[in-house]
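For the record, the sequence lines run as chains A and B.
Counting the first sequence from 1 gives a position; the working numbering is that position plus 12.
Counting the second sequence from 1 gives a position; the working numbering is that position plus 12.
Number of protein chains: 2
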Amino acid sequence: MIADRLIEQVVKYKNHTVAGLDPRIDYIPAYIMEEARMKHKGFAESVAEAFFMYNKELIDSIYDIVPAVKPQIAFYEQFGTAGISCFEKTCDYARAKGLLVIGDVKRGDIGSTAEAYSEAYLGGSQSTMNTDFITVNPYLGTDSLEPFMKNCDKNDKGLFILVKTSNKSSGDIQDLISEGKTIYEHVADMVVRLGEKHIGSSGYSFVGAVVGATYREEGAKLRRRMKNNYFLVPGYGAQGGTAEDVVDCFNEDGLGALVNSSRGIIAAYKSKEYADRFTEREFGAAARKAAISMRDAINNELAKNKKIAW
Amino acid sequence: MIADRLIEQVVKYKNHTVAGLDPRIDYIPAYIMEEARMKHKGFAESVAEAFFMYNKELIDSIYDIVPAVKPQIAFYEQFGTAGISCFEKTCDYARAKGLLVIGDVKRGDIGSTAEAYSEAYLGGSQSTMNTDFITVNPYLGTDSLEPFMKNCDKNDKGLFILVKTSNKSSGDIQDLISEGKTIYEHVADMVVRLGEKHIGSSGYSFVGAVVGATYREEGAKLRRRMKNNYFLVPGYGAQGGTAEDVVDCFNEDGLGALVNSSRGIIAAYKSKEYADRFTEREFGAAARKAAISMRDAINNELAKNKKIAW
């Protein structure tokens with residue numbers, strides 16, 4: 013079951029970090045952009061080519077230390093057909109390297125439309141964009157999630173349902189209180205209900221939750237509310253979340269949260285911390301260094317709190 | 013301004029109907045599938061080719077009677093790169109024929125990710141998937157909507173924000189009550205606030221709302237709550253909504269709602285009503301007939317209720 017496989021990978025690499033593969037033109041080293049431009053005349057095509065070259069080297073640099081990668085599809089979709097082709101190739105390449113792939117797509121729709129999305133990402137060998145997990149939006153209710161659940165069950169895939177997001181305005185809807193609890197707690201309870209029949213031998217369900225690192229108290233409350241659901245935790249690093257902030261998203265077993273960092277890892281070579289130690293041609297090595305540093309920061313914080321999985 | 017242009021088109025064709033371009037393999041006539049298979053060996057490529065041939069003839073058959081089309085991207089995304097290429101070509105072809113294009117993408121994300129989505133669809137000549145409107149999901153709050161608002165303002169585009177959706181479980185989150193009003197009313201008020209600075213000479217804003225035809229009372233309540241926001245109304249026809257059900261989604265001026273039908277129009281030739289009058293080679297003519305019939309049913313119902321725009 014996918015949750016068990018995820019935990020196997022986490023334990024194997026002793027790492028709760030996910031690298032967000034969110035390529036942007038200003039991250040790409042000039043020599044890669046030039047090479048891509050030689051291959052393709054079209055703007056979108058050359059950018060997509062550059063993104064794939066960049067992603068490939070990033071994956072080669074970290075596949076043996078992180079359990080999973082999370083490509084955010086918006087950064088690919090922006091470049092239309094060429095971008096989607098790069099997304100497909102990135103997912104395939106990462107999975108071939110043994111990484112789990114979390115497609116951060118935040119889709120949400122109803123009936124046959126939800127089925128089409130589910131086939132697109134969770135259809136297994138039927139999918140053109142074959143991922144292991146995707147993120148989904150709960151606003152349309154349980155029947156909008158069922159087509160995704162069905163493919164998770166059939167094709168050994170998983171979901172992370174948006175519960176409490178990391179942005180400033182996340183409270184506009186999510187923090188409203190109804191029947192004595194917030195909307196995000198209502199969604200959390202929906203996640204628990206959906207997931208409870210799909211718990212693996214690890215004690216975790218294939219239905220997980222997105223819980224932002226930037227809301228520490230809320231994360232702690234949600235952790236108590238949903239013991240058997242894995243959390244995907246965005247907002248670490250560039251968005252302000254620290255290792256201290258995310259420690260409450262873990263269970264006492266030292267498991268239960270995957271912490272994502274995108275810019276902090278994939279563009280480490282441009283950061284204050286690493287820019288003087290790595291040239292642009294060493295962006296892969298800088299990413300590896302940053303991923304190790306993040307791994308260690310989270311593991312140290314977990315050890316301090318006696319939450320140790322190995 | 014886009015809302016004014018939309019109304020010009022509605023009045024020009026005396027039609028509140030939008031045709032949902034949601035192609036499915038089982039809608040496509042055999043002779044089109046065969047022709048597409050001759051051109052492309054790959055499965056996804058031949059399906060996408062067939063979808064475009066189908067869409068093109070549908071557009072040719074209705075572009076002079078309906079104001080807009082609404083391609084649902086999931087049905088294209090399911091076929092990966094090839095499908096997205098078909099979506100791009102469909103949007104371009106429809107716009108070239110003078111139709112407004114509502115990209116039913118229901119995207120919703122934060123910060124630079126929302127910006128990337130916004131560029132993908134609402135970037136104007138910058139976009140590879142150039143639409144006039146898109147649908148968006150409000151669960152992440154106002155700051156997740158701002159990048160879309162910005163491009164609407166800059167590039168003369170519009171939004172339909174999910175408020176009350178047409179599916180059975182839409183109430184799971186949307187009907188919860190907080191501070192004396194439902195969550196969908198909270199979202200409605202957010203839509204009003206976001207839209208009020210962007211009202212055209214027609215009295216309508218470029219920020220609209222998605223309100224399902226299947227919840228008549230809720231539609232009527234929302235219409236009173238948000239006078240200046242156009243409604244995109246799914247759920248007509250196959251999902252059970254009738255002309256009577258949608259009439260309360262209109263304002264007294266006889267405007268304010270675009271009613272979508274997908275299967276009922278684009279696969280009319282396969283329906284009970286039209287199957288004996290049209291062969292599969294006449295699917296375009298059947299679609300035109302169905303679109304006219306829907307136009308008339310809604311106009312008659314509006315006339316009965318003295319809501320007349322022309």
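The beta carbon of each residue, even a glycine, is placed where N, CA and C say it ideally should be.
For residue i, the nearest candidate out of the options (CA to CA)
| i | options | result |
| --- | --- | --- |
| L152(B) | I40(A), N149(A) and R275(A) | N149(A) |
| G252(B) | N272(B), N240(B), K239(B) and N241(B) | N272(B) |
| T140(A) | A94(B), K180(B), I173(B) and M141(B) | A94(B) |
| R275(B) | P35(B), G231(B), E20(B) and I19(B) | P35(B) |
| D116(A) | R107(A), R235(A), M202(A) and P83(A) | P83(A) |
| F63(A) | I77(A), T102(A), T29(A) and G32(A) | T102(A) |
| L112(B) | S124(B), V78(B) and S97(B) | V78(B) |
| T177(A) | I310(B), D121(B) and E294(B) | D121(B) |
| E264(A) | D308(A), R236(A) and Y196(A) | R236(A) |
| V199(B) | F295(B), D184(B), L234(B) and M45(B) | L234(B) |
| A80(B) | L134(B), K284(B) and R17(B) | R17(B) |
| K166(A) | I310(A), S305(A), D144(A) and C261(A) | D144(A) |
| Y196(B) | H210(B), C164(B) and G231(B) | G231(B) |
| A255(A) | D184(A), G192(A), I310(A) and A31(A) | I310(A) |
Residues near residue i by beta carbon distance below 6 Å, same chain, minus five either side
| i | result |
| --- | --- |
| V204(B) | M238 |
| P159(B) | A126, E127 and S130 |
| K118(B) | T147 and N149 |
| T194(B) | D187 |
| Y248(B) | A225, V271 and S273 |
| V30(A) | A80, K82, L270 and N272 |
| Y192(B) | Note that residue 192(B) corresponds to Gly in the displayed sequence, not to Tyr. Nothing listed; no residue qualifies. |
Rounded straight-line distance, which links the Cα of residue j to that of residue i
| i | j | result |
| --- | --- | --- |
| K24(A) | L270(A) | 14 Å |
| D155(A) | H52(A) | 43 Å |
| I173(B) | A221(B) | 5 Å |
| G136(A) | F91(B) | 13 Å |
| W322(A) | E100(B) | 49 Å |
| S217(A) | K162(B) | 39 Å |
| I85(A) | L33(A) | 9 Å |
| D168(A) | H28(A) | 21 Å |
| S181(A) | G296(B) | 46 Å |
| S73(B) | R107(B) | 14 Å |
| I278(B) | N179(A) | 40 Å |
| N312(A) | S305(A) | 10 Å |
| S58(A) | G123(A) | 37 Å |
| L134(B) | K26(A) | 42 Å |
| V175(B) | A56(B) | 34 Å |
| M50(A) | A60(A) | 13 Å |
| G54(B) | C98(B) | 15 Å |
| F290(B) | S283(B) | 10 Å |
| L157(B) | D288(B) | 47 Å |
| V22(A) | E292(A) | 29 Å |
Spatial neighbours of residue i in its chain, beta-carbon cut-off 7 Å, leaving aside the 5 residues before and after
| i | result |
| --- | --- |
| N317(B) | V259 |
| K109(B) | I71 and Y75 |
| I96(B) | Y88 and E89 |
| G215(A) | N240 |
| K301(A) | A280 and Y286 |
Cβ-Cβ distance between residue i and residue j below 8 Å
| i | j | result |
| --- | --- | --- |
| A298(A) | Y281(A) | yes |
| Y242(B) | G268(B) | yes |
| L244(B) | I40(B) | no |
| R228(B) | D187(B) | no |
| Y105(B) | K68(B) | yes |
| I14(A) | G170(A) | yes |
| V219(B) | G207(B) | yes |
| E47(A) | M65(A) | yes |
| I189(A) | S190(B) | yes |
| M202(A) | D184(B) | yes |
Own chain partners of residue i with C-beta closer than 8 Å, once the 5 adjacent residues on each side are dropped
| i | result |
| --- | --- |
| I320(B) | G266 and L314 |
| A132(A) | S139, T140 and M141 |
| A250(B) | S273, S274, R275 and G276 |
| C164(A) | I14, L134, G170, L171, H210, F218 and V219 |
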